[in-house]
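The structure appears right after this line, and notes come after that.
2 protein chains.
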Amino acid sequence: MPTSEVRTDAAEAARTALVDTRRRQLLNAAARLLGRAGSQSVSMQNVADEAGVSVGLIYRYFANKQELVQAVIEDVLHEFSVRVADPVQDEPDPVRRIAAAFAGYCAVVQELRDAAVLAYQESKTLEPEGRDTVKDLEVESAEPLIAATREAIDAGLIREVDPRVFAYGFLTTAHLWALKHWYFSRFLTHEQYVAEQTALALSAVIRPEHRAAYPDLLGPLA
Amino acid sequence: MPTSEVRTDAAEAARTALVDTRRRQLLNAAARLLGRAGSQSVSMQNVADEAGVSVGLIYRYFANKQELVQAVIEDVLHEFSVRVADPVQDEPDPVRRIAAAFAGYCAVVQELRDAAVLAYQESKTLEPEGRDTVKDLEVESAEPLIAATREAIDAGLIREVDPRVFAYGFLTTAHLWALKHWYFSRFLTHEQYVAEQTALALSAVIRPEHRAAYPDLLGPLA
DNA sequence: AAAGTCAGTGAATGAAGATTCATTCACTAT
DNA sequence: ATAGTGAATGAATCTTCATTCACTGACTTT
């Protein structure tokens with residue numbers, strides 16, 4: 001194996017690494033700004049400044065502004081999918097799996113604060129095609145929760161509700177913390193909020209004969 | 223009373239009427255467009271065309287685009303306040319008052335479809351001051367529901383939850399129909415959706431000994 | 001009927017900002 | 001050492017509107 005080839009491979013790897021870094025860097029900068037001010041008032045120049053690069057460079061990584069915004073949103077949604085699937089893995093009890101999925105969701109919301117609700121705020125500025133992708137990702141990220149709900153029903157642990165309505169509504173309450181942060185944070189910590197919403201949602205569906213099994217989740221509603 | 227004055231009064235009234243009509247006309251046109259495509263891609267020219275007037279005229283009624291968008295949002299929120307206060311009036315049972323407030327909310331959401339969620343989508347494009355006004359209006363429109371919840375707790379009909387968390391979460395459920403219309407409308411009518419969410423929310427809080435009193439609201443969860 | 005008032009018009013202006021591209025610079029291969 | 005590659009820059013260009021304002025025409029008043 002000639003030296004030149006080794007070096008070329010190394011160079012190749014370095015380039016790939018750079019591409020990833022830059023992309024991340026730009027996505028993060030854009031997410032930070034978009035979390036603060038609608039895409040309309042975030043200029044490409046702003047993004048460049050925030051990322052510490054020049055405007056022109058952005059166009060090496062994203063074809064145009066649309067695509068950048070779209071990528072930011074998809075990135076956030078992807079984060080949800082990943083971070084929810086994880087804690088749900090090893091929980092055998094379906095009811096606790098519901099709670100775990102919700103907690104995972106809430107953790108991401110808390111962490112990404114403003115960026116978490118970008119999908120609500122920017123969806124209309126996206127191309128119809130991009131909008132569809134966002135919808136798909138959203139449905140996908142709700143899957144674990146819907147599945148857990150379905151299993152809880154089959155196991156006779158909770159009442160017969162439409163898993164999709166229950167799960168989606170529940171998920172929205174996770175977003176609600178970010179959407180109405182200005183309101184809830186006046187009188188609740190994030191932990192308290194999560195606990196209270198978990199108790200509320202589960203209290204609605206857990207069958208009376210099983211309530212006693214979940215005092216920790218139901219809290220004062222037990 | 224000289225004729226001239228009578229005529230002046232009449233002219234005065236006509237002018238006021240015209241002002242109201244035009245304002246409504248512009249607000250409606252703008253709401254229609256904003257319901258479809260973020261404010262950034264709705265031009266003043268678009269609004270003028272939709273309303274069937276010239277661009278210049280808009281500036282007789284609204285100082286600038288900001289103010290127009292703000293007015294559209296406030297108009298929608300005002301509609302909520304009015305339409306929720308009404309059905310709540312004559313319901314003596316606090317639990318049924320909760321259901322009535324929610325139903326009122328849902329009715330407005332259904333009617334105004336896309337415009338109902340403008341506050342979520344455009345809030346970041348507003349001036350901080352305008353944003354605060356929107357927040358106030360939102361809190362105000364939640365009041366009847368919070369009050370009813372508080373009374374239901376005091377009457378011992380429902381469990382001791384934080385009325386603000388319960389009410390706000392419940393309200394969001396109403397918005398959810400508009401936000402995720404593309405999803406829910408696949409398998410539910412609006413009526414079914416309202417019934418199901420009402421049952422879910424109330425099932426979480428109604429005390430066991432009172433559940434039997436509300437079979438119509440709890441439906442299959444009774 | 002002459003003068004005044006005011007809703008309404010829409011072309012012209014100016015600013016903002018997305019996108020392009022000629023050029024620089026650091027690094028690698030020969 | 002020299003040529004080659006491509007990342008990075010940022011000034012210049014090009015569009016798209018928001019906003020203005022000189023003008024028109026209907027209607028009122030005297």
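Chains as they are written, first to last, in my numbering: chain A, 1 to 222; chain B, 223 to 444. Note that CB positions come from ideal geometry on N, CA and C, so glycine has one too. Nothing here was measured: the structure is a model prediction, and the numbers come from that model.
For the pair of segments examined, the stretch 126-134 of chain A was found not to touch the stretch 160-179 of chain A: the number of CB pairs separated by less than 8 Å stays below three. The alpha-carbon separation between A/V134 and B/L439 amounts to approximately 34 Å. In this structure, the CA atom of A/E111 is about 28 Å from the CA atom of B/A423. Under a criterion of Cβ atoms nearer than 9 Å, the residues of chain B adjacent to A/A37 are, in order, K346, T347.
Of the candidates A/H190, A/S123, A/Y61, A/R150, A/H190 places its Cα closest to the Cα of A/A107.
For the set B/P437, B/L290, B/A321, B/A253, the Cα lying nearest the Cα of B/P309 is the one of B/A321. A Cβ-Cβ contact shorter than 8 Å links A/E140 with A/S81. For B/D384, no alpha helix (DSSP H) segment is defined, and its DSSP state is neither H nor E. The continuous alpha helix (DSSP H) containing B/G352 extends over residues 350-376. Beta-bridge partners of A/I73 (DSSP): none assigned.
Cβ contact annotation for B/V306 (same chain, cutoff 8 Å, sequence separation greater than five): A323, G326, Y327, V330, S363, P366, L367, in chain order. Among the bridge pairs identified by DSSP, A/I206 is matched with A/I158. The Cβ neighbour count for B/S261, taken over all protein chains shown within 10 Å, is at least 16; the residue is labelled buried. In terms of beta-carbon proximity, A/A201 lines the interface with chain B, with at least one pair separated by less than 8 Å.
DSSP places A/Q121 inside the alpha helix (DSSP H), whose first and last residues are 118-122. Contact fails between the stretch 89-97 of chain A and the stretch 49-61 of chain A, because fewer than three Cβ pairs, one in each stretch, are under 8 Å apart. B/D384 reaches chain A at E196, counting residues in chain order whose Cβ is nearer than 7 Å. Contact of B/G391 with chain A by beta-carbon distance below 8 Å involves T173, L176, Q197, L200. Boundaries of the alpha helix (DSSP H) harbouring A/G56: 55-61, taken from the DSSP string.
Excluding five sequence positions before and after B/L359, the CB atoms of its chain that fall closer than 6 Å to its own CB belong to L299, given in chain order. Taking a contact as a CB-CB distance under 8 Å, the pair A/V165 and B/E418 counts as one, their CB atoms being some 5 Å apart. In the displayed model, B/A259 falls within coil according to three-state DSSP, outside both helix and strand. By the Cβ neighbour-count rule, B/F406 is buried, with 16 or more other Cβ atoms within 10 Å of its own.
Taking the C-beta atoms as reference points, A/E50 is found nearer than 8 Å to A/L33. A/R211 is not a Cβ neighbour of A/R159, given a cutoff of 8 Å. Among the residues of the stretch 296-327 of chain B, none has a Cβ less than 9 Å away from any Cβ of chain A.
A/Q121 reaches chain B at Y342, Q343, K346, counting residues in chain order whose Cβ is nearer than 7 Å.
Residues F102, L145, A201 of the same chain have their beta carbon placed closer than 7 Å to that of A/F170, with the five preceding and five following residues left out of the count. With fewer than 16 other CB atoms across the displayed protein chains lying within 10 angstroms of its CB, B/E431 is exposed.
Per the C-alpha coordinates, the member of A/D154, A/P92, A/I73 positioned closest to A/D114 is A/I73. Here A/L26 really is in contact with A/Y61; their C-beta atoms are around 6 Å apart, less than 8 Å. Nearest C-alpha to B/A338 among B/L401, B/A270, B/V291: B/L401. Any Cβ of chain A closer than 8 Å to the Cβ of B/V291 would place that residue at the interface, and such an atom is absent. A distance of 8 Å or more separates the beta carbons of A/V47 and A/A63. Note that the C-beta distance between A/Y120 and B/Y415 is not below 8 Å. For A/Q40, the neighbours in chain B by C-beta distance under 8 Å run, in chain order, G260, S261, Q262, T347.
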